[in-house]
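Under numbering that gives the first Met the number 0, the first residue of the sequence shown carries the number 0, and numbering increases by one thereafter. Ideal Cβ placement from N, Cα and C applies to all residues, glycine included.
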Amino acid sequence: MSSRDNFHSQLVGWSKILLPLFALGLLSTLFLFSRNPGQQPDIPFAEIEAIARDQRISAPRFSGVTDDGAIIAISAHSAKPDLTRPDTVSIDRMAMRMDNPDGSHINVTATSGEVDGRAEIAHFLGLARLVTSTGYEMETNGLTAKLDTGVVTSNGLLEIRAPFGELTAGQVTFQVSAEDTGQQMLFTEGVRLIYRPQD
Numbered sequence: 000m001s002s003r004d005n006f007h008s009q010l011v012g013w014s015k016i017l018l019p020l021f022a023l024g025l026l027s028t029l030f031l032f033s034r035n036p037g038q039q040p041d042i043p044f045a046e047i048e049a050i051a052r053d054q055r056i057s058a059p060r061f062s063g064v065t066d067d068g069a070i071i072a073i074s075a076h077s078a079k080p081d082l083t084r085p086d087t088v089s090i091d092r093m094a095m096r097m098d099n100p101d102g103s104h105i106n107v108t109a110t111s112g113e114v115d116g117r118a119e120i121a122h123f124l125g126l127a128r129l130v131t132s133t134g135y136e137m138e139t140n141g142l143t144a145k146l147d148t149g150v151v152t153s154n155g156l157l158e159i160r161a162p163f164g165e166l167t168a169g170q171v172t173f174q175v176s177a178e179d180t181g182q183q184m185l186f187t188e189g190v191r192l193i194y195r196p197q198d
């Protein structure tokens, strides 16, 4: 009985030494054979350094409330500070949603843009698309949104698809009416309407 116990104790003692050594051997083979000697890393070191130098924020979101109570939320694919203008952020794939107190809303998207924090202005650059909850869809070459008042103005000629037809105008301005009856659209500078009655 004692010899059997002695053998068991010796087996346990050797197992405590051999099993950890065996585990270390297995781990070392994993590290040795996991990569070929000439294989390049997935991300080159030069690219890592470029990412570190480029101060960029992925998927940023800004939000606030206008003087009239509309909620503005701006989101983007990425954003980075403008080194020449400390208060300005350059934005890639810019989008804005404005929810008005009366329940209506507008959505604005553009390929790029910028937000001036000091002036509280958002510029939608390039081809900008604006869609309202009341059924208006329009495209123009740039929009400017005043974040404190919620006034949105197109930078130039635009084409509008409305529930009752098509419009072209030199400029459109979205603003909350003084009577608090909701948001108004003001078309100016050569308005042309093609009326298409509903069936």
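The Cβ atoms of Gly149 and Asn99 sit closer than 9 Å to each other.
Ala69 has its alpha-carbon roughly 19 Å from the corresponding atom of Asp115. In the three-state DSSP reduction, Pro162 falls in the coil class, being neither helix nor strand.
If you compare the alpha carbons of Thr133, Leu129, Met97, Leu142 with that of Glu113, the shortest gap goes to Leu142. Pairwise C-beta distances place the segment 100-111 out of contact with the segment 186-193, as fewer than three of them are shorter than 8 Å. In the three-state DSSP reduction, Pro196 falls in the coil class, being neither helix nor strand. Restricting attention to Phe173, Leu146, Leu129, Pro162, the CA atom closest to the CA of Asn140 is found in Leu129. By the Cβ neighbour-count rule, Ser153 is buried, with 16 or more other Cβ atoms within 10 Å of its own.
Ala72 counts as exposed, since fewer than 16 other beta carbons sit within 10 angstroms of its beta carbon. For Thr83, the number of other beta carbons within 10 angstroms of its own is below 16, and it is reported as exposed. Taking Arg55 as the centre and dropping the five residues before and after it, the same chain places the C-beta of Ser77, Ala78, Lys79 closer than 8 Å to its C-beta, in chain order. Its chain contains Leu192, Ile193, Tyr194, Arg195 as the residues whose beta carbon lies nearer than 7 Å to that of Gly164, once the 5 sequence neighbours on both sides are disregarded; these appear in chain order. The beta carbon of Glu119 sits closer than 7 Å to the beta carbons of Lys145, Leu146, Asp147 from its chain, once the five residues preceding and following it are set aside; these are given in chain order.
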